[in-house]
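Just so we're aligned, residue -15 is where the sequence shown starts under the working numbering, counting upward by one.
Positions of the beta carbon are idealized from the N, C-alpha and C atoms, including for glycine.
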Amino acid sequence: MTLRSDLQQIAHWIAPRSAVLDLGCGDGALLAHLRDAKGCHGYGLEIADDNVLAATRLRVNVIQADLESGLRMFADDRFDTVVLSQTLQAVHRTEDILREMARVARQGVVSFPNFGHWRHALSLLAGRMPVTPEIPYQWYDTPNIHLCTLKDFEILAAKCGLRVTDRVVFAGGERVQWLPGLRATLALYRFQTR
């Protein structure tokens, strides 16, 4: 199974044989890869029935749960890394989720669609909400409720006491170096929680 470019980067950031919690783990592809390629262990949290079933088929430890309820089921510092991949924009209590991530792990990884991409701005200037491969929904049926830019996330991370250690941004699966705030469609951040 080939991982998406953002999941490949996340996997690169995770140390071998570490304990990982993947919030909104989808079909479990990242956790299965980490288990098979790096000897990692851990859990995925997922709410969608079809994704829970897919993760189970990959023999991933998955718990069907709503992130909005928090991570009370996990003790402080239970994991080495906690991942929130392309889910941040769909949660209601964003600050609470980030603080809970900091509580349960020493390192966190967050990825999200960059609302600062130039096509989004152009769409807004034309009077329409953007619809792109990264944000594929119409305004009236989107699960995305907290869209943000790179700078927005960096400000929130600082407010939550998270120390950003790495940032990688992509457009079309390729890394972006020049004018990342305007050219990147997807952002990945790694942070330390202590």
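Who are the Cβ neighbours of residue i in its own chain at under 7 Å, not counting the five residues just before and after it?
i: GLU138; result: VAL148
i: PHE63; result: ALA3, VAL4, LEU5, GLY26, VAL88, ALA89
i: LEU18; result: ALA(-5), ILE(-2), VAL4, CYS24
Quick check on the DSSP output: the beta strand (DSSP E) that includes residue i runs from which residue to which?
i: ARG147; result: 147 to 155
i: ASP64; result: 63 to 69
i: ILE47; result: 46 to 48
i: ASP6; result: 3 to 7
i: SER53; result: No beta strand (DSSP E) contains SER53, which DSSP labels as neither H nor E.
i: HIS76; result: Here HIS76 belongs to no beta strand (DSSP E), and DSSP marks it neither H nor E.
What does the Cβ neighbour count give for residue i, buried or exposed, with the cut at 16 atoms within 10 Å?
i: ASP(-10); result: buried
i: GLN91; result: buried
i: GLU118; result: buried
i: SER53; result: exposed
i: PRO164; result: buried
i: THR(-14); result: exposed
i: LEU146; result: buried
i: ALA59; result: exposed
i: ALA39; result: buried
Tell me where the alpha helix (DSSP H) around residue i begins and ends.
i: HIS(-4); result: -11 to -3
i: VAL36; result: 33 to 41
i: LEU18; result: 13 to 22
Once you ignore the five residues that flank residue i on each side, which residues in its own chain have a CB closer than 6 Å to its CB?
i: GLN(-7); result: VAL152, LEU172
i: ILE113; result: Note that residue 113 is Met in the sequence shown, not Ile. Within the same chain, MET113 has close Cβ partners TRP123.
i: HIS104; result: PRO114
i: SER107; result: PRO114
i: VAL44; result: GLY12, LEU15, ALA16, GLY28
i: LEU131; result: GLN73, PHE99
i: ARG174; result: TRP(-3), VAL93, THR149, ASP150
i: ALA49; result: LEU29
i: VAL160; result: VAL153, ARG167, ALA168
Taking the alpha carbon of residue i as the point to measure from, which residue in the options has its own alpha carbon closest?
i: MET85; options: LEU55, LEU108, HIS101; result: LEU55
i: LEU29; options: GLY23, LEU37, LYS22; result: LEU37
i: THR177; options: PRO127, THR126, ASP61, ARG77; result: ASP61
i: ILE31; options: LEU42, LEU51, LEU109, CYS24; result: LEU51
i: TRP102; options: CYS144, THR65, THR133, LEU42; result: THR133
i: LEU170; options: LEU42, ALA110, PHE154, ASN128; result: PHE154
i: ALA168; options: THR126, ASP20, THR116; result: THR116
i: PRO179; options: ALA110, GLY111, PRO127, LEU109; result: Shown here, the chain extends from -15 to 178; a query on residue 179 therefore has no answer.
i: ALA21; options: ARG1, ASP33, VAL75; result: ARG1
i: ILE129; options: HIS76, ARG41, ALA142, PRO120; result: HIS76
In its own chain, which residues sit with a C-beta less than 8 Å from the C-beta of residue i, not counting the 5 before and 5 after it?
i: CYS144; result: GLU79, LEU82, ARG83, ALA86
i: ILE47; result: TYR27, GLY28, LEU29, GLU30, MET57
i: LEU140; result: THR78, GLU79, LEU82, CYS132
i: TYR190; result: A query on residue 190 cannot be resolved here, the shown segment of the chain reaching from -15 to 178 and no further.
Cβ contact (3+ pairs, closer than 8 Å) linking the segment 0 to 14 and the segment 58 to 77
yes
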